[in-house]
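2 protein chains.
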Amino acid sequence: MQKFFTTSKSRRVETFESLLNRPLKHHHSLPGKRELRMAGITWHVFIPDSLLEETHDPKLRAYKVGQIARAAAIFGVEHIWIYRAGGRDGRFIKTLLEYAETPQYLRKRLFPLMPELRYAGVMPPLQIPSHKPKESPRIGEIREGFAYRKGKKLFADIGLDRPALVKGVAQEGRGTFKVISVKPLRVVPTKPEGYWGYKVHLTRMTLAKTLKKANLDVVIATSRKGVDVRRADVTLEGDVGIVFGSPRRGVMEILREFNEDYEFDVILNTIPGQKTKTVRTEEAVLATLAVLNLMRGD
Amino acid sequence: MQKFFTTSKSRRVETFESLLNRPLKHHHSLPGKRELRMAGITWHVFIPDSLLEETHDPKLRAYKVGQIARAAAIFGVEHIWIYRAGGRDGRFIKTLLEYAETPQYLRKRLFPLMPELRYAGVMPPLQIPSHKPKESPRIGEIREGFAYRKGKKLFADIGLDRPALVKGVAQEGRGTFKVISVKPLRVVPTKPEGYWGYKVHLTRMTLAKTLKKANLDVVIATSRKGVDVRRADVTLEGDVGIVFGSPRRGVMEILREFNEDYEFDVILNTIPGQKTKTVRTEEAVLATLAVLNLMRGD
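Protein chains in written order, with full-length UniProt numbering: chain A, 1 to 298; chain B, 1 to 298.
Now the structure itself:
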């Protein structure tokens with residue numbers, strides 16, 4: 001996969017334009033990549049397990065994870081990676097992010113009562129396409145569900161008043177289903193069309209190792225000291241990773257702390273001219289995705 | 001003051017570029033405007049007094065106001081206007097926004113104990129230039145202070161271990177001061193250089209009336225149904241207002257509800273292709289400012 005990255009202060013007008021106008025190359029099913037992704041960008045966001053190191057109030061801790069979940073959902077991020085950065089909240093962050101991403105009607109099935117979820121209710125609902133209300137099913141409709149065996153048959157809870165019989169080859173557990181018959185209610189396993197939600201990866205590995213594992217096409221670090229996003233020239237295509245630091249340490253500091261090095265395609269300052277001394281991780285995620293969203297091809 | 005606004009789908013590449021590249025006209029002291037603003041944009045953000053209509057938890061209410069404060073500070077917003085939209089929290093929002101904007105060392109002087117401030121501590125600190133630590137004063141340094149009369153003399157608390165004697169013409173109350181002598185500590189009233197903080201205006205008036213009072217050069221409404229920001233062509237100069245709706249109602253609905261009409265220079269969708277059903281006001285403020293920040297001339 002081709003990568004391209006240059007920066008130049010003197011080419012400001014030109015690169016300005018190219019940043020936002022570059023036609024996106026189509027991304028035909030690369031070997032080893034998700035087959036369904038036909039075009040455009042798959043966003044991956046990388047946050048440290050120290051995200052909450054300065055937040056002690058349990059309600060606010062849940063709310064902040066909810067802010068990350070909302071930012072990811074608003075901008076169609078498909079993967080959130082939690083990398084090891086000396087924090088203790090990896091498991092907590094993952095659980096809450098996954099809880100937020102799960103349709104309300106599946107939460108009881110998938111999440112046992114656990115202390116991490118005590119304040120999960122403060123997270124704003126994501127209202128993403130997979131979070132469908134209970135309504136009369138339509139043929140062709142796609143709904144997120146949970147498949148379970150009953151005797152020799154497989155049924156799925158797809159958030160309606162009755163279970164659906166699963167036809168075709170499917171596994172027990174969470175899955176995506178398409179309604180093929182309403183009376184009786186029957187579904188087949190399917191793949192979602194368009195944005196559906198995100199997956200959460202808690203690698204327990206340091207940043208460089210996590211990035212390697214993610215196998216990205218383009219990797220962007222965010223930093224106040226990075227290239228002004230208006231002056232950067234970077235081609236976004238395929239699997240694009242955006243890396244954020246922690247409340248106390250920037251991305252480069254975190255790498256140094258773990259004796260790591262990583263050759264980013266670009267280090268971007270997405271908030272040129274910021275007036276506050278620091279920008280918090282949850283703020284940087286939303287602001288950066290808002291800026292990079294303008295580069296999407298859709 | 002000249003205004004210019006067109007939209008055209010076919011001119012995408014061209015307008016894309018112009019959106020972000022248009023050279024900003026200098027804004028020489030217009031009659032009746034702040035004399036000190038010499039160039040660039042003065043941002044005004046408009047939020048409804050119904051901002052918290054869906055937030056009942058008192059800690060989260062304070063935190064959300066803090067999110068607005070942080071977004072404004074990060075992007076150098078100088079005016080936050082709270083317009084009447086059927087909410088009951090105008091006073092609460094104003095108090096918390098002002099509290100967040102006040103340097104820590106002046107808070108006790110300016111804010112009596114009041115129930116609104118009970119959870120003010122959950123708001124993240126703004127860390128703006130006016131929030132200076134207690135350190136050895138330097139001649140020429142500018143600090144925010146509070147002036148008070150003692151006998152025939154005027155002193156100012158500028159957050160140091162001793163009060164400063166105020167020379168020149170100054171009033172009692174909050175003000176900005178420049179250190180002209182360290183031993184003895186003397187200051188003169190001055191105007192801040194660069195971004196210093198924001199003012200909060202609670203008009204108790206509906207949106208159209210509030211906008212009229214604000215006397216802006218350019219007024220932008222934000223709406224999911226607006227023009228894709230990548231396709232909009234709008235000249236930003238002088239006093240630029242950005243209007244946000246409430247959690248339940250968009251800007252146009254709020255206007256209709258109060259039988260008002262307003263001719264915006266442009267209605268912008270700053271989050272093209274959003275994947276969530278709605279975007280919350282505090283999210284829209286941060287995302288929109290992040291996008292429009294790229295149009296600043298500095």
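Where a beta carbon is used, it is the ideal one built from N, C-alpha and C, also for glycine.
Note that the structure is a prediction, hence the values are computed from the model and not measured.
Give me whichever residues DSSP pairs with residue i in a beta bridge.
i: A147/A; result: A156/A and G173/A
i: H131/B; result: None; H131/B has no bridge partner.
i: Y83/A; result: P48/A
i: I267/A; result: A221/A
i: G241/A; result: H44/A and V219/A
For residue i, does the three-state DSSP call read helix, strand or coil?
i: A287/B; result: helix
i: P48/A; result: strand
i: T95/B; result: helix
i: N215/B; result: coil
i: F5/A; result: Note that F5/A scores 35 on pLDDT, short of 50, meaning its location in the model is unreliable; the coordinates nonetheless yield the value given after this. It is a strand residue.
i: L236/B; result: coil
i: R224/A; result: strand
i: K277/B; result: coil
i: L292/B; result: helix
i: L117/B; result: helix
i: K183/A; result: coil
i: E282/B; result: helix
Is it buried or exposed for residue i, if we count other Cβ within 10 angstroms and need 16 for buried?
i: D261/A; result: exposed
i: P247/A; result: buried
i: S223/A; result: buried
i: V179/B; result: buried
i: R280/B; result: buried
i: E98/A; result: buried
i: G173/A; result: exposed
i: N215/B; result: exposed
i: G32/A; result: Its pLDDT being 33, under 50, G32/A is placed unreliably by the model, and nothing is read from it.
i: H28/A; result: Residue confidence is low: H28/A scores 32 on pLDDT, short of 50, so the model does not pin down where it sits. No coordinate-derived value is stated.
i: M114/B; result: exposed
i: L289/B; result: buried
i: G87/A; result: buried
i: F54/B; result: Correcting the residue identity first, residue 54/B is Glu in this sequence and not Phe. Answer is exposed; the Cβ neighbour count stays below 16.
i: K275/B; result: buried
i: H56/B; result: exposed
i: A287/A; result: buried
Just to confirm, is the Cβ distance from residue i to residue j under 9 Å?
i: D49/A; j: I82/A; result: yes
i: K225/B; j: M252/B; result: yes
i: A71/B; j: V285/B; result: yes
i: E282/B; j: K199/B; result: no
i: F244/B; j: V45/B; result: yes
i: D157/A; j: R109/A; result: yes
i: V218/B; j: G238/B; result: yes
i: P272/A; j: N293/B; result: yes
i: E116/A; j: W196/A; result: no
i: I220/A; j: G241/A; result: yes
i: T278/A; j: V291/A; result: no
i: P192/A; j: V169/A; result: no
i: G175/A; j: P103/A; result: no
i: L106/A; j: A62/A; result: no
i: I93/B; j: I68/B; result: yes
Where do the N-terminal and C-terminal ends of the beta strand (DSSP E) with residue i fall, by residue?
i: P189/B; result: R186 to P189
i: P167/B; result: It should be noted that the sequence gives Lys, not Pro, for residue 167/B. Here K167/B belongs to no beta strand (DSSP E), and DSSP marks it neither H nor E.
i: L126/A; result: Premise fails: L126/A is in no beta strand (DSSP E) and is neither H nor E.
i: V200/A; result: K199 to L202
Starting from residue i, trace the alpha helix (DSSP H) both ways and give me its first and last residue.
i: L106/B; result: Q104 to L110
i: K59/B; result: P58 to I74
i: V251/A; result: V251 to E257
Using the beta-carbon of each residue, which ones in chain E are nearer than 7 Å to residue i?
i: K277/A; result: Here the protein chains are A and B, and chain E is not one of them.
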